[in-house]
Amino acid sequence: MEPILRIDRVSLSFGGVKAVNKVSLNVYPGQILGLIGPNGAGKSTLFNIITGLYKPSEGRIFFKGRDITGEKPHKITALGISRTFQNIRLLMDRTVFENILVAFHRQCQYSLVQTFFITRTFKQAERQVKERALQLLDSFGLASTADTLVEELPQGIQRRIEIVRAVATGADLIFLDEPAAGLNAIETKELIEVIKRLNREGKTIILIEHDMKLVKEVCEEIAVLHYGQLLRSGTFDTIRSDPLVIQAYLGR
Ligand code: ADP
Ligand code: MG
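Taking UniProt numbering, I'd label the letters of the sequence shown as residues 1 to 252.
Take a look at the structure:
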């Protein structure tokens with residue numbers, strides 16, 4: 001099977017720090033890959049490079065066989081990659097619905113134009129987009145929050161909104177950066193169900209997470225970063241019993 005994402009010897013330094021150092025990694029369609037490692041290992045930086053926020057100093061990134069190295073973030077989103085952030089990045093003083101609508105519009109620009117030519121009424125096309133956004137919120141149990149300002153909602157709901165926003169862009173590949181951070185046990189359980197559901201619906205997922213119970217529950221494959229380098233990759237059980245990984249991360 002062809003990888004959906006191929007990372008080939010990617011590096012980036014900040015000053016003298018090699019945040020990401022010649023990382024190569026394949027991600028296959030339908031996979032949930034866990035990306036773990038100590039704080040400062042380069043996990044978020046790797047996400048930032050793949051999603052176009054930073055340009056790598058060397059190496060290439062291929063998405064569905066296409067070289068996306070150095071492309072702008074909006075272009076990469078349009079191609080089908082979206083993400084959540086370690087520190088939640090939503091429009092806090094806007095409603096949940098508005099946050100989802102913004103993401104939806106990115107996906108719908110083309111279909112909106114198409115609908116316009118079919119229906120000849122822009123208003124009708126706009127209404128369809130809104131309906132789809134509401135349906136999406138509803139399917140994630142968020143319909144009752146649609147008109148609430150994001151800042152008024154608990155962190156668990158905010159993290160879920162960010163995931164739904166990533167889905168609303170129409171992405172096939174979704175990056176989640178520490179989605180369980182700040183969540184209580186019940187919220188974490190709900191998060192696990194959301195991740196499993198996205199995967200059932202065909203999304204490929206890369207998950208940065210420190211909660212090893214969560215990682216064990218959802219990830220079949222794990223990659224371990226350490227000082228910017230890929231230390232190991234493999235199944236949860238091989239990773240968990242690997243002396244190098246225990247020494248670098250799990251044993252601490
Ligand atoms: P992780 O997500 O694994 O905790 P990061 O990718 O956030 O690690 O950070 C990797 C290294 O790169 C750290 O040493 C961090 O201080 C550094 N770093 C990350 N982003 C920046 C930045 N924008 N400017 C300077 N240094 C950065
Ligand atoms: Mg991070």
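In this text, a Cβ means the ideal position worked out from N, Cα and C, and glycines have one as well. Nothing here was measured: the structure is a model prediction, and the numbers come from that model.
To which residues of the same chain is residue i closer than 6 angstroms at the C-beta, ignoring the five residues directly before and after it?
i, result
"Leu146", "The sequence given here places Ala at residue 146; Leu does not occur at that position. Same-chain partners within the cutoff: Val96, Phe97, Leu137."
"Pro38", "Tyr249"
"Glu187", "Gly156"
"Gly228", "Lys18, Ala19, Val20, Asn21, Gly42"
"Arg9", "Lys22, Ser24, Gly59"
"Gln233", "Sequence inspection shows Ser at residue 233; the Gln mentioned does not correspond to that position. Within the same chain, Ser233 has close Cβ partners Ala223."
"Phe175", "Phe47, Arg83, Ile206"
Given this structure, state the Cα-to-Cα distance separating residue i from residue j, to the nearest angstrom.
i, j, result
"Gly59", "Val27", "16 angstroms"
"residue 276", "Glu126", "The first residue shown for the chain is 1 and the last is 252, placing residue 276 beyond what the model contains."
"Ala171", "Val164", "11 angstroms"
"Glu71", "His105", "20 angstroms"
"His162", "Lys216", "Correcting the residue type first, residue 162 is Glu in the shown sequence and not His. If I take the Cα positions, the gap works out to 23 angstroms."
"Pro243", "Val23", "21 angstroms"
"Ile208", "Leu191", "14 angstroms"
"Ala78", "Ile68", "12 angstroms"
"Gly16", "His226", "16 angstroms"
"Ile246", "Thr169", "38 angstroms"
"Ile4", "Leu101", "27 angstroms"
"Gly42", "Gln31", "21 angstroms"
"Gly202", "Pro29", "8 angstroms"
"Leu173", "Arg200", "13 angstroms"
"Lys75", "Ile206", "19 angstroms"
"Val167", "Glu152", "22 angstroms"
"Phe140", "Arg240", "33 angstroms"
"Leu134", "Gln124", "15 angstroms"
Could you please give the first and the last residue of the uninterrupted alpha helix (DSSP H) stretch that includes residue i?
i, result
"Val20", "Per DSSP, Val20 belongs to no alpha helix (DSSP H); it is in the beta strand (DSSP E), 17 to 27."
"Arg94", "Here Arg94 belongs to no alpha helix (DSSP H), and DSSP marks it neither H nor E."
"Leu207", "From DSSP, Leu207 is part of no alpha helix (DSSP H) but of the beta strand (DSSP E) over 204 to 208."
"Gln155", "155 to 168"
"Ser44", "43 to 50"
"Phe14", "Phe14 -> not in any alpha helix (DSSP H); beta strand (DSSP E) instead, spanning 5 to 14."
"Thr238", "236 to 240"
"Leu191", "185 to 200"
Tell me, to the nearest whole angstrom, how far the beta carbon of residue i is from that of residue j; I am working on the premise that it is less than 8 angstroms.
i, j, result
"Asp177", "Thr84", "6 angstroms"
"Leu198", "Arg159", "Going by Cβ atoms, the distance from Leu198 to Arg159 rounds to 13 angstroms, so no, they are not a contact pair."
"Phe62", "Arg6", "4 angstroms"
"Leu33", "Ala223", "6 angstroms"
Can you find the residues in the same chain that come closer than 7 angstroms, C-beta to C-beta, to residue i, ignoring five residues on each side of it along the sequence?
i, result
"Thr148", "Thr95, Val96"
"Gly65", "Glu2"
"Leu12", "Ala19, Val20, Thr45, Ile49, Tyr54, Pro56, Ser57"
"Thr204", "Ile4, Val27, Pro29, Gly30, Gln31, Asp172, Leu173"
Along the beta strand (DSSP E) that carries residue i, what are the first and last residues, could you check?
i, result
"Arg89", "Taken as a continuous stretch (DSSP letters only), Arg89 belongs to no beta strand (DSSP E), as it is neither H nor E."
"His226", "221 to 226"
"Asp177", "173 to 177"
"Glu58", "58 to 63"
"Ile81", "81 to 83"
For residue i, I'd like the list of residues in its chain whose CB is within less than 8 angstroms of its CB, leaving aside the five on either flank, ordered along the chain.
i, result
"Val150", "Leu90, Leu91, Met92, Asp93, Arg94, Thr95, Val96, Asn99, Gln158, Ile161"
"Lys196", "Val218"
"Lys193", "Here residue 193 is Glu; the residue named in the question, Lys, does not match the sequence. Result list for Glu193: empty, nothing under 8 angstroms."
- Item | Closer than 6 angstroms: residues whose CB approaches a heavy atom of the ligand ADP | Phe14, Val17, Ala19, Gly37, Asn39, Gly40, Ala41, Gly42, Lys43, Ser44, Thr45
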